[in-house]
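Order-wise, the sequence lines are chains D and R. Under my numbering, the residues of the first sequence are numbered 1 to 164, in order. Under my numbering, the residues of the second sequence are numbered 165 to 328, in order. Backbone N, C-alpha and C fix where the C-beta goes; we use that ideal spot for every residue, glycine too.
2 protein chains.
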Amino acid sequence: MSSQLLSTQASSPGSGGLPDTAWVRFLRAHAALTRELSSRLEALHELTLSDFDVLVQLYYAEGRRMRRIDLARSVLLTASGITRLLDGLERSGLVARERCASDARVTYAVLTESGMRKIEDARESHLADIEELFGSRFSPEERDQLADLLARLPLAHTSEACSQ
Amino acid sequence: MSSQLLSTQASSPGSGGLPDTAWVRFLRAHAALTRELSSRLEALHELTLSDFDVLVQLYYAEGRRMRRIDLARSVLLTASGITRLLDGLERSGLVARERCASDARVTYAVLTESGMRKIEDARESHLADIEELFGSRFSPEERDQLADLLARLPLAHTSEACSQ
DNA sequence: GACGTATACTTGAGGACGCAATGATCATAG
DNA sequence: CTATGATCATTGCGTCCTCAAGTATACGTC
C-alpha cells in the first residue's frame, strides 16, 4: 500500500483553507464537462464543441448563413479563430463561403446540405449528452435559476459595436 | 410559451433565433470571464489562470508541496499538462522540484520563497477581479445557491472506470 | 477625386493543452 | 528472484485558439 493516505482534497492545513468557491467550482465544472462532451462529440461525429456551436448558429440563422464576424461574436471567438475554424468546416464540406454582393469586405458562411445533415445527425446525441451530464442534474426550477444566475455574468468585452 | 420537453430550442429562424439555455450561457460566460480574467492576470503578474490555480493549490498544501499527479487532479489538468505548466513555473523560479525519498517515481512541486511572494502579491488583485466580474453579480444567498448548483456537476472522469 | 479612418477578413508566430507512447519505479504473485 | 501489472512522470505530435500585423474594402470629409 502506498505510503500516502493523504486525501485528494486537503481542506484546511494553513489558514483560510483551500478556496472552494462558486468560481472555482465553475472553473472545474467547465473543464470536466467540456472535456467529456468534446471527447464524445469528437468520437461520434468528428466535431469539436466549437464546430458544433458554429453549425448550430448557422442552422438557426436566416438563410442558414451568417457573416463571419457575427458568427465570431455569437460564439465568442476572435475573428481569426473563426477563420481557422471555418477553414476546417469548409474542408469537410459542411460549410461554404459566399461573397456579399453589397459589401466586398464581408464573406458569408453558409451551411451546406451536408452540413445540415451533419448537424441534424449530431444534435440528437449531443443534446442527450448535455442532458445527461448537465441538465439532468437539476430540476426544471433549478435549471431556470441557474440560467438566470448565469445570465448576470458579463459576456463580451470584445470591442463592442452592437449594430450590424 | 410552455417549455418544450425536447429541448433547448425556443427559436424560429427569425433574426438570429438560437438556443439560449443554461448550458449555452455557461459556455459563453466561461469564455468571456476567463478571457478577461486571464488577460488582467497576465498583464499584471505574468501568470495564466492555470498558473495561479496551481500556485494557490501549493500555497494551501501541507508543507507547500504536492505530488505532481495530485496537483494535476486537483486543478483538472492531465499529467502532461502539469509537467509543462510546472516547467514554466520552475523556469520562473516560482516552484521547485523535489524528489520523494520513499518513492522514486514521484516528484514534488514545492513553492519557493519567490513563489510565495508571487502568489501573495497576485492574490489580491486577482480575487478583486473575480469579485468584480463574478462574485459581485450575486447576493450572498445567490452565491451559495450557485455554488450548490455547480457542485452537482460531474468532476473527474480521470482515468479508469471506478464502478462502485 | 484624394485622404483618413473604420470594418472585414486572413496570416504568421506562438502558447496551452490533450493523447498516445515511453521510461522508470513500485508492488505482488509465483 | 523474476515476471506481471500498476503508477508517476516526461516527451513527441497535433489541435485549437489568441495576438499582432497585413490586406482589401467602405465611407465620410474636404
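In this structure, the beta-carbon distance from alanine 72 of chain D to isoleucine 82 of chain D falls below 7 angstroms.
Rounded to the nearest angstrom, the gap between the Cα atoms of serine 114 of chain D and arginine 91 of chain D is 12 angstroms.
Interface annotation, phenylalanine 298 of chain R: in contact with chain D, CB-CB separation under 7 angstroms. Rounded to whole angstroms, glycine 135 of chain D and serine 39 of chain D show a C-alpha spacing of 18 angstroms.
When CB distances to chain D are screened at a threshold of 9 angstroms, the residues of the segment 307–320 of chain R falling below it are Arg307, Asp308, Gln309, Leu310, Ala311, Asp312, Leu313, Leu314, Ala315, Arg316, Leu317, Pro318, Leu319, Ala320, in chain order. Between arginine 28 of chain D and leucine 240 of chain R, the gap from beta carbon to beta carbon is short of 7 angstroms. Residue ranges of uninterrupted beta strand (DSSP E) with 3 or more members, entirely inside the segment 223–298 of chain R and ordered along the chain, are 229–231, 259–263, 271–275. For glutamate 42 of chain D, the three-state secondary structure derived from DSSP is helix. Contact between the segment 207–223 of chain R and the segment 303–310 of chain R is not established, with fewer than three Cβ pairs separated by less than 8 angstroms. For the 7 angstroms CB-CB criterion, arginine 25 of chain D and alanine 315 of chain R form a contact. With respect to chain R, the C-beta atom of phenylalanine 52 of chain D has no partner C-beta closer than 7 angstroms. Taking all protein chains in view, the Cβ of serine 125 of chain D is surrounded by fewer than 16 other Cβ atoms within 10 Å, so the residue is classified as exposed. Cβ-Cβ distances below 6 angstroms link leucine 89 of chain D to Val95 in the same chain, with the five nearest sequence neighbours on each side left out; the list follows chain order. Bounds of the alpha helix (DSSP H) holding arginine 307 of chain R are 304–314.
For arginine 25 of chain D, the residues of chain R that pass the 7 angstroms Cβ criterion are Ala311, Leu314, Ala315, in the order they occur in the chain.
Shown here for alanine 225 of chain R: not one same chain residue has a beta carbon closer than 6 angstroms to its own, the five before and five after excluded. Residues of the same chain with a CB within less than 7 angstroms of the CB of arginine 263 of chain R, apart from the 5 flanking positions on each side, are Thr271 in chain order. Here alanine 273 of chain R is near leucine 250 of chain R, since their CB atoms are less than 7 angstroms apart. Alanine 128 of chain D places its beta carbon 7 angstroms or farther from that of leucine 47 of chain D. Within the segment 19–48 of chain D, contact with chain R at the beta-carbon level (separation under 7 angstroms) is assigned to Pro19, Thr21, Ala22, Trp23, Arg25, Phe26, Arg28, Ala29, His30, Ala31, Ala32, Leu33, Glu36. Shown here for threonine 276 of chain R: same chain residues with a beta carbon closer than 8 angstroms to its own, the five before and five after excluded, namely Gly257, Leu258, Val259, Ala260 in chain order.
The three-state secondary structure of aspartate 217 of chain R, taken from DSSP, is helix.
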